[in-house]
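A.B. asks:
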Amino acid sequence: MKATLERTDLLKSLTHVHRVVERRNTIPILSNVLLRAEQGVLKLKATDLDLEVVETVPAMIEAPGATTVPAHMIYDIVRKLPDGSQVVLETNSDGTTLELRAGRSRFALQMLPEADFPDLTAGTFPHQFTLTAGAIRKLIDTTQFAISTEETRYYLNGIYLHAVTGANGEMVRAVATDGHRLAQAEVPAPQGAVGMPGVIVPRKTVGEIQKLLEDRDAEVTVELSETKIRITNGMVVLTSKLIDGTFPDYGRVIPQHNDKELRVDRDEFKEAVDRVSTISSERGRAVKLSLSEGRLVLAVNNPDSGSATEELAVEYDSDPIEIGFNSRYLLDIAAQLSGDTALFRLADSGSPTLVQDHATEDCLFVLMPMRV
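Each step along the sequence shown adds one to the number in my numbering, with nothing skipped, and position 332 is 718.
1. Is the CB-CB distance between Thr-625 and Pro-576 below 8 Å?
2. If you pair each beta-carbon of the stretch 443–456 with each one of the stretch 414–429, do three or more pairs fall below 8 Å?
3. At what residues does the beta strand (DSSP E) containing Gly-520 begin and finish?
4. Excluding the 5 residues preceding and the 5 following Val-406 in the sequence, name in chain order all residues of the same chain whose CB lies nearer than 6 Å to its CB.
5. Since Tyr-759 is in the alpha helix (DSSP H), which residue starts that stretch and which ends it?
6. Among the candidates Glu-485, Asp-527, Arg-490 and Ser-663, whose CA atom is the shortest distance from the CA of Pro-468?
7. Suppose the cutoff is 7 Å on Cβ atoms and the five residues either side in sequence are ignored; what does the same chain contact list for Glu-441 look like?
8. Skipping 5 residues on each side, what residues in its chain have a beta carbon closer than 7 Å to that of Asn-619?
9. Using 8 Å as the threshold, is the C-beta distance between Leu-484 and Asn-418 below it?
10. Reducing DSSP to helix, strand and coil, say where Asp-502 ends up.
11. Enumerate in chain order the residues of its own chain whose CB-to-CB distance from Ser-678 is below 7 Å, with the five nearest sequence positions on each side excluded.
12. Comparing C-alpha positions only, which one of Thr-390, Ser-479 and Ala-560 sits nearest to Lys-524?
13. Under three-state DSSP, which class holds Glu-360?
14. Excluding the 5 residues flanking Gly-581 on each side, which residues of the same chain have their C-beta closer than 8 Å to its C-beta?
15. Look up Glu-657 in the DSSP assignment and say whether it is helix, strand or coil.
16. Please classify Gly-544 as buried or exposed, where buried requires at least 16 neighbouring CB atoms within 10 angstroms.
17. Applying the criterion that 16 or more other CB atoms from any shown protein chain within 10 Å of the CB defines a buried residue, is Glu-697 buried or exposed?
18. Can you tell me whether Lys-466 is buried or exposed, with buried defined as 16 or more other CB within 10 angstroms of its CB?
19. Quickly, what does DSSP pair His-548 with across the bridge? List them, please.
20. In chain order, what are the residue ranges of uninterrupted beta strand (DSSP E) at least 3 long that sit wholly in the stretch 581–650?
21. Where Pro-689 and Met-557 are concerned, what is the direct C-alpha to C-alpha distance, given to the nearest angstrom?
22. To the nearest whole angstrom, what separates the beta carbons of Leu-750 and Gln-742, a pair I think is in contact under 8 Å?
23. Return the bridge partner residues of Phe-730 from the DSSP annotation.
24. Taking buried to mean at least 16 other C-beta atoms within 10 Å of its own C-beta, is Val-662 buried or exposed?
25. Compare the C-alpha of Arg-410 against each of Ala-457, Asp-734, Gly-481 and Thr-535 and name the closest.
26. Can you say whether Pro-755 is buried or exposed, counting buried as having 16 or more other CB atoms within 10 angstroms of its CB?
27. Between Val-700 and Leu-684, is the Cβ-Cβ spacing less than 8 Å?
28. Going by DSSP, what residues sit across from Glu-408 in a beta bridge?
29. Looking only at DSSP bridge pairs, what is Ile-460 linked to?
30. What are the boundary residues of the beta strand (DSSP E) that Ser-676 is part of?
31. State the beta-bridge partners of Arg-332 as determined by DSSP.
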């Protein structure tokens, strides 16, 4: 194998694929990236057996062929090469090392045979549709923070992606929850998405998809089967296994009859929560919201370090109420609201609270209260 290509193109592709490779591997081949030179392109592939990324870059191919080399090692080498340099990748005659040349730099990397490299892409993907990268980013960015990190409830360790028919017609909806908070976002369903199976996309896959979608206007193809998802964005193809489990009936925890409405300037609220929570303990993080007509008082009391209060003028004309929340969760939700005004729908101090953008209805958040 012998291929010559631009350092910039190779680095961009290695940046995408090397992230999939775990630093510590009991199976040596999984530490490697597969390089395949053929017909004017170099294909790079990396996998951790649950997730696979393949990227194709243009290259001058003098001798087609394929091999595998340590992924993090080749990424670090190419990252440190001078910008604008031409990189030559050539296997030696006895098939044990790959020589990488750029300018006056020479590296010889140990190879493992290409035949040992696993392939995740087997099987068919009966459901296929196209969304813009911006729409997929919206589904992910809005809900990702609520993914559970609790390994025992593995079915919550991802985003639940499914099609729904609602007041706004056919939609693709994403939901994530960790039991303390829930985030939901939806975008209009494109042709092909209606009737798709409900799937749980794992946390690591969600993070990688997010990093691959740089151009928000790009058209992205999504393919689904019962067990896998494949995302194609230009020259990058990501294939991942799905979480094999049943996502809970999240509709039951979304409150329907919360009659106390609070409207507050999103930025003012976020900054006030951030200020008063400075004094909260690392473990507790509780902030108390005391609501009365036209007035919200945020208070934190930490027996070890002191107390803090801040008052905000708000739109509220229901009965007075006191309710406590985890300040970190409040800040996470406020960061996802796109409008200027946050709308809180409350019931009482012990029931879940619904949070929405005042202007749009395509996102909603549910937050469980804390005892304060």
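All C-beta atoms, glycine included, are put in the ideal place defined by N, C-alpha and C. None of these values were measured; they are calculated from a predicted model.
C.D. replies: Put simply:
1. no
2. yes
3. Unbroken run through Gly-520 is the alpha helix (DSSP H), 519–529; no beta strand (DSSP E).
4. In the same chain as Val-406, and ignoring 5 residues on each side of it, the C-beta atoms closer than 6 Å to its own belong to Ala-432, Asp-434, Leu-437 and Val-439, in chain order.
5. The displayed coordinates of the chain run from 387 to 758. Any statement about residue 759 would go beyond what the structure contains.
6. Residue nearest to Pro-468 within the set Glu-485, Asp-527, Arg-490 and Ser-663 is Arg-490 (criterion: CA-CA distance).
7. Ser-399, His-402, Val-403, Leu-430, Met-621 and Val-622
8. Ala-519, Leu-598, Leu-599, Ala-604 and Val-606
9. no
10. helix
11. Pro-706
12. Of the candidates Thr-390, Ser-479 and Ala-560, Ala-560 places its Cα closest to the Cα of Lys-524.
13. The requested residue 360 does not occur in the structure, where the chain is confined to residues 387 to 758.
14. His-513 and Ala-549
15. helix
16. Buried, because 16 or more other Cβ atoms sit within 10 Å of the Cβ of Gly-544.
17. exposed
18. exposed
19. Arg-559
20. Taking 3 residues as the minimum length, the beta strand (DSSP E) runs contained wholly in the stretch 581–650 are 585–588, 605–610, 614–619 and 622–627, in order along the chain.
21. 48 Å
22. Between Leu-750 and Gln-742, the beta carbon gap of about 5 Å places them in contact (Cβ cut-off 8 Å).
23. Leu-648 and Val-741
24. buried
25. Cα-wise, what sits closest to Arg-410 is Ala-457.
26. buried
27. no
28. Answer by DSSP bridge pairing: none, since Glu-408 is not bridged.
29. DSSP lists no partner for Ile-460.
30. Here the beta strand (DSSP E) through Ser-676 covers 672–678.
31. Residue 332 cannot be examined here, being either before or after the span of the chain that is shown, 387 to 758.
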